[in-house]
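Notes for the one structure printed next.
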Amino acid sequence: MSCPKSYFGQTMCELFAIIYEFEKAVSMFLDSLPNAGTPGAVTLMAQLINEGKISEARQRTWFVHLHFTKYPAKEALKSLYVIIDQPQPLTQALIGVSGYARRLCESLGRECATDPEIQVFTVKISKHLGNKCQAKDVIEEKRILATLKALGNIGGAHKDAQNTIRDCIQDPSLPIQTRLAALQAVRSRACESSDLLLSILANSNENVEIRIASYLGAVKCPTYSTMKKVQEVLQNEQINQVGSFIQSHLDNLKSSSSPSKTEIRKMARSVSHGRSFPFDFRKFSRNLEFDYFCTENNAGWDADLNIIYSPESYLPRSASMNFTLDLFGQSMNLFEIGGRFEGLEYLIESYFGPEGIYRATEVWPTVQEIFSNFKEKFWSRFNSPLQPERAAWANEDFERLNETLVKIKMNLDDTFYNPPKGDFFLRLFGAEIATYSYRHGLDVPGADIIFDQIFRVLDNMINGAKNQQVEIAQSVMFLDGIARFPTIAGLPLRLAWNGAASLALDFESQIDVKAIIRDPKTASLGLTIIPMASTEISVSMGVEVNNLRYGVKTILNLHSSPGGGMKTSWHQGKSFEFKLDIPKTKMSLVDAKSFLYIFSQNIDDGSEKVQKMNVLNSVEYKRGGCVERVSSLLGLRYCRQYAMLVPPTPTAVGAIKDITPVFPLSGHFEGSIYIEKTEPSMTGIYVIAKGSNNGGKTSFEIIFDTPDSHTNRTIVFTGIGLNTQSRYGVEGKAQLDSISYEAKAYIDMAQSSSILSDSPGIDYTPTIEYTPASGKKEVLVTGKVTIIEGKRIFFLIRSSGLWKNLLLAFGDVKFNISNAVQKIEYFTVLETPLGLIALTTLYSRDHHSCELKTKFGSNSTRWDFGLIWGFKKTPENLENNLNFVFEPASISSFRRFDISRPDFFESVIFLPEAKKNQISLKQYRKRRGSFATKDLIIENKIDVEYPGRRIKIYDNVQQVSEHIYKSVSSLELKPGPKYDLISLFTYDHRRDHLKFEIDAYVQPNYASKTYKLNTYFQLTDKYTFIIKSKFEGDGEVKFLLDGHFNPTAEELQLAFKTNIFERAEGQLSGKLGKSKKIFQLVVFSQNIIAI
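In our numbering, the protein residues as written are 30 to 1120.
Right, dumping it as structure tokens:
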């Protein structure tokens, strides 16, 4: 590789020439070039791409990195000209190079618009627009779209390029997507293009999508004049798609809390047109906004979603979402994602519509028959060595399939069929970094081509899997940014964030798919995977004084390096061998570290001093340990541990609780989760299973071992299968060292002698027997399962012997399912040493009920806890009953099971004894009528009882008319008073106004006084509201509020009056407008008068 002396990136070029022969070094060097971002690195990248030494996949990665280059330079931009000067450059290349030019523009500031080098660049890249965006084919159309997106990234374009873009916007013969891309190309120059955009918006004959895009472009440079023209458009708008979108967008602007929209929010409130447009986003275009802003932290976010329809389609044509962060008084457009698709509705109708191929009975059965034949041909192919060409097919098969494919193609009539088109984009920080355009349409090939392609792909996959070895090493910098914010101290606050990740993967496979399919009983496969991932994120915050930088930084490291190999093989279908290779003594699943540092840095030479931050009076929490439960068997232990610094929390009265920072700013943290071998010499786990069948008698042998370990973990288990007319099971012997164990597990089957039902059933009796080295047989598990087909399932399983009191499971399921009846009853009980659970459920078409009873605790614990929950639901009623019981362990809170019929366990009684420490919650709801018939009645009852206290709440709501409801409520406290509340309230909520009024009377039972409350509130779409509220007690006014708020285009008027317990009275009134500003505040009290 030649590196001329005058070459701008001469040093980088010479370094690359030195390591050129070392593959891994070259890979890591090429990964680091875009991360370096220096002019020399960018120049070398351009040279390597131009010489064809870089794969297309790596080129795409590099082009994305160009958007985030830290050190843009004009000389490096010149070196990129060789990429965009090509006759047919990659679309990603045009967008990537424009991203580099955008970064250069940001460093130039206002000089960008007139900088000669930027002008030259825009002239060069605009040559790919062709003849005013007219495309000859699909490839040129994609290139034009990419060029328009690239010009939109730059912002400042040459005058000739700007004129071409304006021509593309106004040309109605161009595809809609091309015109939309041209509109997006002027998004950063909305003020200069405002007249053009508003004229397109006002043209009712223009395409709906173009008009909406023009509106969005115009309001990027909002003025009162612009809003006035938008108002005029809405007053005369006849197309609902345009009107509904603009109206929804203006409504969201009026209510937005984002500080970045303060100016446009004021302007939007001046728009009043008196029109009403439909707001159903399932049918009409609409803007949706979700935002949050916290004034205390001066931070928030804003998510803006656009859904746009076209009159020509019942499906949305496009959708986009913009996410913005508001931090420290600045707004950052974090990302925007969107897409547009057309032609999809006709494709759906062609397949699934009334005349679609899936409805055509003469087509679909033929396709099913042909592909059934294809499946037989596919499997027969593996009986002989695989060949690249397809297997022999009967000519009639191809003819019939071709006829079917011709019918499919005819169904998509070229006269009416609009091939699907799709365009998608992703923007980060306002720059478009990724785009994709789909322009292939639907081409139905012949049967020969289809099956040749299928078999060719299969052959390549199968041959490639025989012996595949892959080594991947990739490094990427995914975060790299700086932001500066002014402070009241006069020193700028600097935030910097960096993130880098390294990924590595060693993969090796030996899979003979052909042999496995041909003879699955004799096959083998091997797989080795050793992944590694390491990530570091650094965030710093500091101030700059002269040539020094001081501040705080936090560094987070994440690391993971598990790995292992696996080999399996089958031999004649009689033996199976499995080997798990564990090469590492310690396999790190997750290793995380986070530290806080204080740093000082010399800006001139880059030298830096870093010191760990000491958190005063902090407490270090350490947790962790290893699980050794299976280490004696597997030779592996699972471990986790972490250490974390927790700063002190303010405890003084009045202290601010939120003053303590949260993680990761709270202190240092170290944590890890890993699997470790107990013996480093152990190489893995080995399992072999053998089986045979002689004369209907099955025998098997299983050997488990950990090769090369010092501890003998070899386990040999041999056994025979039990298969008679009435018994199914297995019995065997396990050998561990010199100790033998025997076990038997079987199920006896017989005709049911049960009286559970008159219908015949089958009884299954499961049993597990165990014989230790002492030779005394013990029954560990026994039980009974009865199945009455279509009616009932009953089971009882209990443990005994060594497992006594370990498990008791009982269940009974009754079901009656038919066309007329659907009813299922289920009851089950499960008891373990930790506690017991009883569950009863009933399900039918019009009735649901559930009862859950639990008890947890034992004599070894301090408390017993019990939970009883009942639930019933019908079409009109809902009832809940919850009881929580807690007692010291010495007192039995629950009885044991009371079995009234021990032979079949049909009745189980489960009752709480003591109510001393019981919390009870009962809830009942009944509903009749509906809003539609204006006869809605809702009744609610809540009863809460706990030791020494009881609360009862009753509420009955009845609909009197369409918007008027009457409520009768009561609150009863024991011990304590009872309150009765009778209220009549009106609630009317429509799109353009909200009205709420309530008249309430409160009567406590301990006094003859009556309290009255009257509240009225009304809000209109013009943000005018009226509020009146009066509270009286025993005939005296305790509180009075009367106010209104009326904003108009000319002035803002407000007036409020208040009276509190006749001790203080206040009045606030004011007007704020262009001609006058008057505010008056008067407060009266018994002793003070303030004006």
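Beta carbons: idealized from backbone N, C-alpha and C, even for Gly.
Can you give the Cα-Cα distance for residue i and residue j, rounded to whole angstroms?
i    : j    : result
A231 : E261 : 9 Å
R523 : E699 : 27 Å
T291 : V149 : 38 Å
R954 : I967 : 7 Å
C220 : T90  : 34 Å
L344 : N316 : 16 Å
S710 : L59  : 39 Å
C879 : G840 : 15 Å
L23  : N335 : Outside the displayed span of the chain (30 to 1120) sits residue 23, for which this structure offers no information.
G713 : A772 : 28 Å
I980 : N910 : 15 Å
N845 : L871 : 12 Å
N722 : G748 : 12 Å
A533 : Y715 : 28 Å
E85  : A190 : 29 Å
I253 : S228 : Contrary to the premise, residue 253 reads as Tyr rather than Ile in this sequence. Rounded to the nearest angstrom, the two C-alpha atoms are 16 Å apart.
K82  : Q76  : 9 Å
D875 : A348 : 42 Å
S277 : D452 : 25 Å
K805 : G812 : 21 Å
G750 : T800 : 17 Å
G864 : R821 : 27 Å
K608 : S829 : 37 Å
Drop a sphere of 10 angstroms on the beta-carbon of residue i, count the other beta-carbons inside from all chains shown, and report buried for 16 or more, exposed for fewer.
i    : result
A186 : buried
C323 : exposed
E341 : exposed
I112 : buried
Y129 : buried
T753 : exposed
L158 : buried
E170 : buried
Per DSSP, which residues does residue i bridge with? Please list them.
i     : result
A1029 : S1012, L1042
N527  : D509, S567
T861  : G864
H1022 : T1049
W832  : For W832, which the question treats as bridged, DSSP gives no partner whatsoever.
I336  : R315, A348
S878  : L871, K901
Provide the residue span of the beta strand (DSSP E) that contains residue i, from first to last.
i     : result
F823  : 821–828
L520  : No beta strand (DSSP E) contains L520, which DSSP labels as neither H nor E.
F97   : Element bounds for F97: n/a, residue is neither H nor E.
Y800  : The identity of residue 800 in the sequence shown is Thr, whereas the question assumes Tyr. Unbroken beta strand (DSSP E) run through T800: 791–800.
M350  : 347–356
N575  : Unbroken run through N575: none, as it is neither H nor E.
V1066 : 1065–1076
Any beta carbon from chain C within less than 8 Å of residue i's own beta carbon?
i     : result
K1059 : The structure shown contains no chain C, having only a single protein chain.
In the DSSP assignment, find the unbroken alpha helix (DSSP H) run with residue i in it and report its ends.
i    : result
F92  : 85–94
Y253 : 253–265
K103 : 103–108
A242 : 237–247
H278 : 269–284
P63  : 52–65
D196 : 188–199
A219 : No alpha helix (DSSP H) contains A219, which DSSP labels as neither H nor E.
R208 : 205–214
Please identify the residue among the options whose C-alpha is closest to the C-alpha of residue i.
i    : options                 : result
V574 : D509, A105, I632, N906  : I632
N64  : Y110, N527, H157        : N527
T583 : P591, S590, G592, S569  : S569
R346 : K1057, G358, G367       : G367
T193 : Q539, N160, L831        : N160
L907 : Y100, H877, G1062, L881 : H877
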